[in-house]
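**Student:** Each residue of the sequence shown is one higher than the one before, counting from 31 in the working numbering. Mind having a look at this structure? Questions to follow.
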Amino acid sequence: MQPVASDDVASAVADYTRGSPVNGVVEIAGPERVRLCDLVRRFLAATHDPRQVMEHAHARYFGAELKDDTLVPGDNPRIGMLDFEAWFALPKPAR
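Structural data, given as structure tokens:
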């Protein structure tokens, strides 16, 4: 997956609404690809949560198996600026 911060989404939406019509699909993604289990591990570590993530190769996410190319953008997405560490460093109300 390629998670994106809400601030980056809001900025992109504002830019696209002020611009010329795209007449198509706009994809917005975060700056890094990461497996969901790894993202959860990073969050738990950053919050000093001792729980462990148990991954399963065939676990389902909303009924579908996640692969390395699942939940990632296609060609030419708008890439946000905030990666996980930058997002997590923001004050809680800003997240």
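Backbone N, C-alpha and C define an ideal beta-carbon position, used for all residues, glycine too. Please read these numbers as outputs of a predicted model, since none were measured by experiment.
I think Arg-108 touches Val-56, with their Cβ atoms under 8 Å apart; what is that distance to the nearest whole Å?
**Tutor:** With a Cβ gap of about 7 Å, Arg-108 and Val-56 count as contacting.
**Student:** Rank Glu-115, Ala-124, Met-111 by C-alpha distance to the C-alpha of Ala-75 and give the top, closest one.
**Tutor:** The option with the nearest alpha carbon to Ala-75 is Glu-115.
**Student:** By Cβ distance, which residues of its chain are closer than 7 Å to Gly-49, with the 5 residues on each side in sequence left out?
**Tutor:** Same-chain partners within the cutoff: there are none.
**Student:** Taking the C-alpha atoms as reference points, what is the distance between His-86 and Val-52?
**Tutor:** Their backbone Cα atoms lie some 40 Å apart in a straight line.
**Student:** Could you tell me whether the Cβ of Asp-98 comes closer than 8 Å to any Cβ of chain C?
**Tutor:** No chain C is present in this structure, which holds just one protein chain.
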